[in-house]
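Below is one structure, written out as structure tokens; the observations come after it.
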Amino acid sequence: MFKNLIPLNLPEANLKMAKKDGALMVWDDIRKKYLQLTPEEWVRQHFVHHLLALGYPSSALALEGGFQLHKQLQRTDILIYKNASPRVLVECKAPQVPISQKTFDQAARYNLHYKTPYLLLTNGIQHIAAQVDYESGQYHFLENIPPYNEI
Numbered sequence: 000m001f002k003n004l005i006p007l008n009l010p011e012a013n014l015k016m017a018k019k020d021g022a023l024m025v026w027d028d029i030r031k032k033y034l035q036l037t038p039e040e041w042v043r044q045h046f047v048h049h050l051l052a053l054g055y056p057s058s059a060l061a062l063e064g065g066f067q068l069h070k071q072l073q074r075t076d077i078l079i080y081k082n083a084s085p086r087v088l089v090e091c092k093a094p095q096v097p098i099s100q101k102t103f104d105q106a107a108r109y110n111l112h113y114k115t116p117y118l119l120l121t122n123g124i125q126h127i128a129a130q131v132d133y134e135s136g137q138y139h140f141l142e143n144i145p146p147y148n149e150i
């Protein structure tokens, strides 16, 4: 039933799967419901489990939140809050979608709305973490995802 799922460069996640009307579904622990398992959802669910394993509290994670940017509805994949303030914007792509300048620019555009100090991008294979320096307008690329207590 799960043979077409691409192995990711993330720790294995114990995902709860089901089939509904012939479609593969995955349980989302954050939103407390089953979702259709698309390649991007495969990455998002694994990344959520990775963040939880790193000590990020589930109550700090908001998935697929909507916002207006230039009069168009946009959706963030994962937004991480601390003390009720958005601190990390995470952009997830399907494994076959390369993390490129275009992907980074999309996350940076979304961040015009939230102004988080950190951006994370992942396609499940490649992961990029960056800290935003608003004074200089520069991005400082990080070797690892910052711990929750440092965001």
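Taking numbering that gives the first Met the number 0, the leading residue of the sequence shown gets 0, the next gets one more, and so forth.
We treat Cβ as the ideally placed atom computed from N, Cα and C, and that holds for glycine.
The structure displayed is predicted, hence computed values, not measured ones.
Can you check DSSP and say which residues form a bridge with residue i?
i: H126; result: T121
i: D132; result: Q137
i: K152; result: Outside the shown range of the chain (0 to 150) lies residue 152, about which nothing can therefore be said.
i: D27; result: K32
i: E90; result: L120
i: S84; result: K81
i: A12; result: In DSSP, A12 forms no bridge with anything.
i: A61; result: L78
Indicate whether residue i and residue j have their beta-carbon atoms separated by less than 8 Å.
i: T121; j: V42; result: yes
i: L62; j: I77; result: yes
i: F140; j: H112; result: no
i: L51; j: S57; result: yes
i: V87; j: I98; result: no
i: A128; j: I150; result: no
Would you call residue i buried or exposed, if buried means 16 or more other Cβ atoms sit within 10 Å of its Cβ?
i: G123; result: buried
i: E92; result: Reading the sequence as shown, one finds Lys at residue 92 and not Glu. Looking at its Cβ environment, which holds 16 or more other Cβ atoms inside 10 Å, K92 is buried.
i: M0; result: The predicted position of M0 is uncertain, since its pLDDT is 43 and thus under 50; no value can be drawn from it.
i: P10; result: exposed
i: L72; result: exposed
i: A17; result: exposed
i: N82; result: exposed
i: T115; result: buried
i: E142; result: exposed
i: Y117; result: buried
Taking residue i as part of the alpha helix (DSSP H), name the residues at either end of that continuous run.
i: Y109; result: 100 to 113
i: V42; result: 38 to 52
Is residue i a contact residue of the ligand FAD, with contact defined as CB to any heavy atom under 7 Å?
i: Q125; result: Although the ligand FAD was asked about, the structure shown includes no ligands whatsoever.
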